[in-house]
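In what follows, a structure is listed as structure tokens, so that the remarks can point back to it.
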Amino acid sequence: MPTYDYLCKTNGKVVEVRHPMDKTVRTWGELCQLAGIDPGDTPADAPVERLITGGHVVSSASLKNPEPCGSGTCGMPACGGGTCMME
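6 is the number of the first residue of the sequence shown in the numbering used here; add one for each residue after it.
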């Protein structure tokens, strides 16, 4: 599941959360609930905006099956040229 960074301009905080790509987070209250953090004094209806980031890289060592893709053991077929697009 991808991770996203959100900014609340009301309190200036940036919070990183994981959620499906089709989920939309619009308020500080939604963000805090998703992140499992206390909203503090910031109003729950304060708007948040998703920040554009370069993406978060997951190393194969952190996966359940640390074999690299394209090796035939990760469950993903090798892509063009024998390497996997997932790498």
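Virtual Cβ for every residue (Gly too), placed ideally from N, Cα, C.
These numbers were taken from a predicted model, which means no experiment stands behind them.
**Prompt:** Who are glutamate 21's beta bridge partners in DSSP?
**Reply:** The sequence position of residue 21 within the sequence shown is 16, counting from 1. Partner(s): Asp10.
**Message:** What does DSSP give as the partner residue(s) for valine 1 in the beta ladder?
**Reply:** Because the chain is modelled from 6 through 92, residue 1 falls outside the range shown and cannot be assessed.
**Request:** Can you tell me which of Arg31, Met6, Thr58 and Val20 puts its alpha carbon nearest to the alpha carbon of aspartate 50?
**Result:** Taking the sequence shown and counting its residues from 1, one reaches residue 50 at position 45. When each option's Cα is compared against that of aspartate 50, the closest is Arg31.
**Request:** Can you grab the Cα-Cα spacing for the pair methionine 6 / proline 48, in whole Å?
**Result:** What you label residue 6 is simply residue 1 of the sequence shown in a count that begins at 1. What you label residue 48 is simply residue 43 of the sequence shown in a count that begins at 1. Looking at the two C-alpha atoms, the distance is approximately 28 angstroms.
**Request:** Can you tell me the Cβ-Cβ gap for threonine 29 and glutamate 21, rounded? I've got them flagged as a contact below 8 angstroms.
**Result:** Working through the sequence shown from its first residue, we reach residue 29 at position 24. Working through the sequence shown from its first residue, we reach residue 21 at position 16. Contact flag wrong, Cβ pair sits at about 16 angstroms.
**Message:** Pull the bridge partners of threonine 29 from the DSSP assignment, please.
**Reply:** Along the sequence shown, read from residue 1 onward, the residue named residue 29 stands at position 24. According to DSSP, which records beta bridges pairwise, threonine 29 is partnered with nothing at all.
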